[in-house]
Amino acid sequence: MAFDLMEIGFSRKRFILKRAWRQLRNVLLLSLLSSQPSFGQEGTDYLRINVLVDELSRFDIRRGSFSIGFYIWYQTSINKPSYLDSLIIKNALEMKVSERTQVLTGEGIVYRQYVRAVVPHQWDVRNFPYDIQYLKVPLRIEDFTYNQLRFISNNTNAIINEGLELGEWSIIGASIFGTRSRASSALGDPANTNLGETTFAAADLSITVSRSSRLGFWKMITGTIAAAMLAFIAFFIPLKTPVPRFALIAGSVFTNVISMRNTSIDLSAMGVITLIDQIHILVMIFIGISAFMCSR
Numbered sequence: 268m269a270f271d272l273m274e275i276g277f278s279r280k281r282f283i284l285k286r287a288w289r290q291l292r293n294v295l296l297l298s299l300l301s302s303q304p305s306f307g308q309e310g311t312d313y314l315r316i317n318v319l320v321d322e323l324s325r326f327d328i329r330r331g332s333f334s335i336g337f338y339i340w341y342q343t344s345i346n347k348p349s350y351l352d353s354l355i356i357k358n359a360l361e362m363k364v365s366e367r368t369q370v371l372t373g374e375g376i377v378y379r380q381y382v383r384a385v386v387p388h389q390w391d392v393r394n395f396p397y398d399i400q401y402l403k404v405p406l407r408i409e410d411f412t413y414n415q416l417r418f419i420s421n422n423t424n425a426i427i428n429e430g431l432e433l434g435e436w437s438i439i440g441a442s443i444f445g446t447r448s449r450a451s452s453a454l455g456d457p458a459n460t461n462l463g464e465t466t467f468a469a470a471d472l473s474i475t476v477s478r479s480s481r482l483g484f485w486k487m488i489t490g491t492i493a494a495a496m497l498a499f500i501a502f503f504i505p506l507k508t509p510v511p512r513f514a515l516i517a518g519s520v521f522t523n524v525i526s527m528r529n530t531s532i533d534l535s536a537m538g539v540i541t542l543i544d545q546i547h548i549l550v551m552i553f554i555g556i557s558a559f560m561c562s563r
């Protein structure tokens with residue numbers, strides 16, 4: 268009887284020990300799993316990004332785009348990957364990237380690439396030819412989240428190449444800012460399931476340019492100036508001959524309307540009232556006054 272009681276006591280202790288061990292093992296496993304980095308939970312790498320623009324051309328108002336070429340580089344430690352392999356320009360119409368160049372330095376390694384792209388831009392020509400355009404190039408790293416990689420803004424180094432000339436345009440300034448780009452999906456990452464979104468490392472390159480040439484402006488208003496002159500000449504025709512008067516006024520109306528339509532097409536500004544449109548409207552009012560005076 269005493270032996271049976273001892274056996275029961277040992278069995279109970281073994282059961283308690285096994286249960287405690289299972290609980291400890293589960294805790295250790297959970298701890299190990301939670302320490303495994305998903306692609307949104309790794310240590311963050313901060314990089315100071317550098318850009319030098321040496322091509323800026325093909326300002327295409329009708330297509331709504333511009334062309335740009337620039338060097339992009341950064342310095343990091345040797346054991347870090349080349350993030351530039353995943354570089355894209357968001358919504359770019361065209362993009363070509365040169366082979367990556369890497370240079371060893373005393374402080375690590377420098378990764379560099381040259382990028383050419385055609386970037387969309389909504390041209391604001393309401394104040395043509397005194398318009399100022401804010402060109403934006405949205406850079407994004409596709410394969411690394413914002414928790415893994417963040418760009419630090421670097422506005423101390425030159426962003427625009429010293430010899431860059433734009434012809435009819437002048438560069439006012441340029442800047443680059445580290446930012447982020449969001450996708451409204453977890454993209455299969457369990458760590459972001461609750462958030463319902465994924466955030467990527469990004470940087471915005473901004474260049475401000477102003478139009479320096481007024482030649483295009485004078486070409487565009489030549490038609491409306493001619494229309495105003497026709498309406499003005501109508502004042503000097505005697506009232507006894509009304510037909511030539513009204514012929515000149517009709518011709519000025521036709522000239523002004525066609526000129527206004529052509530300039531709107533050239534500026535791709537059918538949906539807005541530009542400065543040139545306002546000039547055409549004033550000339551149309553002047554023609555209307557001329558017609559009224561001629562009818563009296």
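For the sequence shown, position 246 (counting from the first letter as 1) is numbered 513 according to this note's numbering, and the numbering increases by one without interruption. No residue lacks a Cβ here, since even glycine has one placed at the ideal position from N, Cα and C. Note that the coordinates shown come from a computational prediction; the quantities given were computed from them, not determined experimentally.
Per DSSP, what kind of secondary structure is phenylalanine 503 in: helix, strand or coil?
-> helix
Counting only runs that start and end within the segment 469–534, where is the alpha helix (DSSP H) found for 4 or more residues in a row?
-> 482–487, 489–500, 509–533
Measuring CB to CB, does threonine 541 end up less than 9 angstroms from arginine 393?
-> yes
Nearest CA to the CA of arginine 329: which residue from Ile335, Leu351, Lys347, Asn529?
-> Asn529
CB of alanine 501 within 9 angstroms of CB of leucine 515, strictly | yes
DSSP state of isoleucine 328 mapped onto helix, strand, coil | coil
Under the three-state DSSP convention, the category alanine 441 falls into | strand
Same chain only: Cβ atoms within 6 angstroms of threonine 368, ignoring 5 sequence neighbours per side | Arg379
Since tyrosine 341 sits in a beta bridge, which residues does DSSP pair it with?
-> Tyr378
With a cut-off of 8 angstroms, do at least 3 Cβ pairs link the segment 426–435 to the segment 371–390?
-> no
From Thr343, Val385, Phe503, residue whose alpha carbon lies closest to that of isoleucine 356 | Val385
Label asparagine 341 either buried or exposed according to how many other C-beta atoms from any shown protein chain fall within 10 Å of its C-beta, with 16 as the threshold for buried.
-> The residue you asked about is not asparagine; residue 341 is tyrosine in the sequence shown. Burial call: buried.
By Cβ distance, which residues of its chain are closer than 7 angstroms to phenylalanine 553, with the 5 residues on each side in sequence left out?
-> Ala495, Ala498
Candidates Lys347, Arg383, Ser353: which alpha carbon is nearest glycine 375's?
-> Lys347
Cα-Cα separation, valine 566 to histidine 547 | No answer is possible for residue 566: it lies beyond the span of the chain, which begins at 268 and ends at 563.
Between the C-alpha atoms of phenylalanine 326 and leucine 354, what's the straight-line distance to the nearest angstrom?
-> 24 angstroms
Three-state secondary structure assigned by DSSP to methionine 551 = helix
Coarse secondary structure for phenylalanine 559, derived from DSSP in three states | helix
Cβ-Cβ distance between isoleucine 474 and alanine 441 below 9 angstroms = yes
For serine 353, name the three-state secondary structure that DSSP assigns.
-> helix
Which residues in the same chain have their Cβ closer than 6 angstroms to the Cβ of glutamine 400, if we skip the five residues on either side of it in sequence?
-> Val476
Between the C-alpha atoms of alanine 468 and valine 320, what's the straight-line distance to the nearest angstrom?
-> 21 angstroms
Along the chain, where does the beta strand (DSSP E) that runs through isoleucine 408 open and close?
-> 399–412
If you draw a straight line from the alpha carbon of glutamate 435 to that of proline 396, how long is it in whole angstroms?
-> 10 angstroms
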